[in-house]
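**Q** Under my numbering, the first residue of the sequence shown is numbered 1000, with each subsequent residue one higher.
The beta carbon of each residue, even a glycine, is placed where N, CA and C say it ideally should be.
In this text the structure is predicted, and so the values were computed from the model without any measurement.
There's a structure below that I have some questions on.
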Amino acid sequence: MRRVIAAVFLFASSLSAQVTYTVEKAVQDALARNLDIAAARYGVSVAEAKRITAALRPNPVLSANADHLDILGTGFDNTTNNGGPSEYGIRADFLLERGKKREARMELAAADKSVAALTFEDVQRKLIFDVVNAFIDVQLAKETLALAKENLASLARVAEVNQARVATGDLAVVELNRSRVAAAQYQMAVRQAELQLAQAKNRLRLLVGEDSGALDVTGPIRREAGPADLASIREIALKQRPDLQGAKQLQARNQADLRLQIAQGKIDLTAGTEIRRQQSPSARSNSVGFFISAPLPIFNKNQGEIARSEQEIAQAKALARSMEAHILNEAAAAWEQYTSAGELLKEMESDLLTRAKDVRAATEYSYRRGEASLIEFLDAQRAFNDTVQSYNAARADYARSLYLIDTVMAVRVPGQP
């Protein structure tokens, strides 16, 4: 009795721990808890930290010195080694940046942050597509499992009828065994469908960052009409895709880098001031000095980094052109997938699915009346099973095509903030 109560308690606990996801909730949780997103989000934070660093000014340098000290004697007269007088000084040096280097650094850091933000947005776009695909996989796996259970129930009913017919001598035992073998095969199909469902749920669980308990999904498979034509998909995609915007922003970033490298080629000045005290047995004096120094730009004028920046600008332009071509191709492929999936789904719904259902029902009725053979019934059952599986796959493919178009256009999909 205690074992039964414990089993019931564990079952109830598992039900209470189950989390049911809609596609909107799945996307929201993935954006909030997915580990890849969490890692990618740091890219924006790192870029912001670099922007803070770029705005900082160089620190002044403070120096203290003591010179001409008597290391052999006991005082400050240096009579033993004839040096001196002893000198003590405090000096401060300041780096005077020329060429607006600080402004150029800040501009480059701001451009880097914009690129990082667009990169993070593109990571979100791809994650959302992975989540909705995993969500559809779970939906399809549930449909497959339901179909397998329905087929098993149908074969189980037939086996029961056959057992009764055998008992009355109306059917041979071999026919009963055949129906039982067929039922066992569909039992294996149920087990395989359960495994596929568990695997699909595990993939979705990883993407949404769910680790608290069992997971399930709810809601219909997406079915609404998509865009009107390919031209609108391409137009929106070229305007909104964050990877293309990032490629264009990279050009601006490289232009800012070129300006910084040109500024780095300009020499900086170091200005300093010093307070010095001289001390001897006969006199003491205090003085102040001013200094200025600059490197001589004879060999290094930063020409290498300037050339690198110029080549990176050309590279970014080529990358943007390549990105545009890829996006146009992705749009064409998504449109083709959408139209093909839609046409196939309409064809199946208009004729094939209904016909398969009617054939199975009629054959099962005839078999129970002894007017059809078991082979004919199993063929009708297999045809129905294949047709419904194809229909469910077509529904899933159509939904995937809608989400693919959303991803190509980078529009706001369900659950995206």
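1) Here's a check: name, in chain order, each residue in its chain whose Cβ is nearer than 8 Å to the Cβ of GLN1017, leaving out the five neighbours to either side.
2) Tell me where the alpha helix (DSSP H) around ARG1221 begins and ends.
3) Name the DSSP beta bridge partners of THR1362, please?
4) In the DSSP assignment, find the unbroken alpha helix (DSSP H) run with ASN1253 in it and report its ends.
5) How would you label GLY1288, buried or exposed, when you count the other beta carbons within 10 angstroms and need 16 or more for buried?
6) Just checking my contact of ILE1220 with ARG1394 at CB under 8 Å: how many whole Å lie between their CB atoms?
7) Measure from the alpha carbon of GLY1271 to the alpha carbon of each residue in TYR1397, VAL1157, SER1292 and LYS1112, then state which is nearest.
8) Using the Cα positions of MET1322 and THR1386, report the straight-line distance between them to the nearest angstrom.
9) Going by alpha carbons, who is nearest to GLN1380 out of GLN1138, ALA1155, ASN1299 and VAL1026?
10) With H, G and I counted as helix, E and B as strand and the rest as coil, what does DSSP make of VAL1287?
11) Relative to the C-alpha of ARG1202, which candidate in VAL1045, ALA1108, ASP1136 and LEU1237 has its C-alpha closest?
12) Give the C-beta separation of LEU1139 and ASN1384 to the nearest angstrom, bearing in mind that I take them to be a contact with Cβ-Cβ under 8 Å.
13) Quick one: give me the first and last residue of the alpha helix (DSSP H) that GLU1304 is part of.
14) Among the candidates ASP1121, PRO1084 and LYS1024, whose CA atom is the shortest distance from the CA of ASP1069?
15) Whose C-beta lies closer than 7 Å to the C-beta of THR1118 among residues of the same chain, with five residues either side of it excluded?
16) Starting from the Cα of ARG1320, find the closest Cα among ARG1204, ASP1242, ASP1396 and ILE1089 and give me that residue.
17) How many whole angstroms separate the CB atoms of ARG1104 and LEU1259, which I take to be in contact at a CB cut-off of 8 Å?
18) Report all residues from its chain with a CB closer than 7 Å to the CB of PRO1059; omit the five preceding and five following residues, and keep chain order.
19) Span of the alpha helix (DSSP H) holding SER1044?
20) Measure the C-alpha to C-alpha separation of TYR1397 and GLY1341 and round it to an integer number of angstroms.
21) What's the C-alpha gap between ASN1253 and ILE1312?
22) Let's test the definition: count the other Cβ atoms within 10 Å of the Cβ of GLN1123 and tell me whether it reaches 16, buried, or not, exposed.
23) Could you have a look at SER1015 and say whether DSSP puts it in helix, strand or coil?
24) Evaluate ASN1033 with the Cβ neighbour count: other Cβ atoms within 10 Å of its Cβ, from every protein chain shown; 16 or more gives buried, anything less gives exposed.
**A** On the basis of the data shown:
1) As a working mapping, residue 1017 is identified with position 18 in the sequence shown. Excluding positions up to five away in sequence, the list reads GLY1212, ALA1213, LEU1214 and ASP1215.
2) Residue mapping note: residue 1221 aligns to position 222 of the sequence shown, counting from 1. Looking at the DSSP string, ARG1221 is not in any alpha helix (DSSP H), and its letter there is neither H nor E.
3) Reading the sequence shown from its first residue, position 363 is the one you call residue 1362. DSSP lists no partner for THR1362.
4) Counting from one through the sequence shown, the residue named residue 1253 turns up at place 254. Note, ASN1253: alpha helix (DSSP H), 1241-1263.
5) Taking the sequence shown and counting its residues from 1, one reaches residue 1288 at position 289. Flag for GLY1288 reads exposed.
6) Start at 1 with the first residue of the sequence shown, and residue 1220 comes out as number 221. Start at 1 with the first residue of the sequence shown, and residue 1394 comes out as number 395. Contact flag correct, Cβ pair sits at about 5 Å.
7) The residue given as residue 1271 occupies position 272 in the sequence shown. Checked all of TYR1397, VAL1157, SER1292 and LYS1112; the closest Cα to GLY1271 is SER1292.
8) If you number the sequence shown from 1, residue 1322 lands on position 323. If you number the sequence shown from 1, residue 1386 lands on position 387. Answer to the nearest angstrom: the Cα atoms are 40 Å apart.
9) Working through the sequence shown from its first residue, we reach residue 1380 at position 381. It is ALA1155.
10) Taking the sequence shown and counting its residues from 1, one reaches residue 1287 at position 288. The answer is strand: DSSP assigns VAL1287 an E or B state.
11) In the sequence shown, counting from the first residue as 1, residue 1202 sits at position 203. Looking at the Cα atoms, ASP1136 is the closest of the given residues.
12) As a working mapping, residue 1139 is identified with position 140 in the sequence shown. As a working mapping, residue 1384 is identified with position 385 in the sequence shown. That pair is no contact at about 15 Å.
13) The residue you call residue 1304 lines up with position 305 of the sequence shown. Start and end: 1302-1346.
14) Sequence index remark: in the sequence shown, residue 1069 carries index 70 (1-based). Closest option to ASP1069, Cα to Cα, is PRO1084.
15) Start at 1 with the first residue of the sequence shown, and residue 1118 comes out as number 119. Answer for THR1118: GLY1042 and GLY1245, listed in chain order.
16) Here residue 1320 corresponds to residue number 321 of the sequence shown, with the count starting at 1. The residue with the shortest Cα to Cα distance from ARG1320 is ASP1242.
17) Translated into positions along the sequence shown, residue 1104 becomes position 105. Translated into positions along the sequence shown, residue 1259 becomes position 260. Right, their Cβ atoms sit about 6 Å apart.
18) As a first step, residue 1059 must be located in the sequence shown, where it is residue number 60. Closer than 7 Å at Cβ, skipping near neighbours: ALA1091, ASP1092 and PHE1093.
19) Here the question's residue 1044 lines up with position 45 in the sequence shown. Per DSSP, SER1044 belongs to the alpha helix (DSSP H) from 1034-1053.
20) Numbered from 1 along the sequence shown, position 398 holds the residue referred to as residue 1397. Numbered from 1 along the sequence shown, position 342 holds the residue referred to as residue 1341. If I take the Cα positions, the gap works out to 6 Å.
21) The residue labelled residue 1253 in the question sits at position 254 within the sequence shown. The residue labelled residue 1312 in the question sits at position 313 within the sequence shown. Their Cα atoms are separated by approximately 5 Å.
22) In the sequence shown, the residue the question calls residue 1123 occupies position 124. So GLN1123 ends up on the buried side.
23) As a working mapping, residue 1015 is identified with position 16 in the sequence shown. Residue confidence is low: SER1015 scores 49 on pLDDT, short of 50, so the model does not pin down where it sits. Its coordinate-derived value is still stated next. It is helical.
24) Numbered from its first residue, the sequence shown carries residue 1033 at position 34. Counting Cβ neighbours within 10 Å, ASN1033 comes out buried, since at least 16 surround it.
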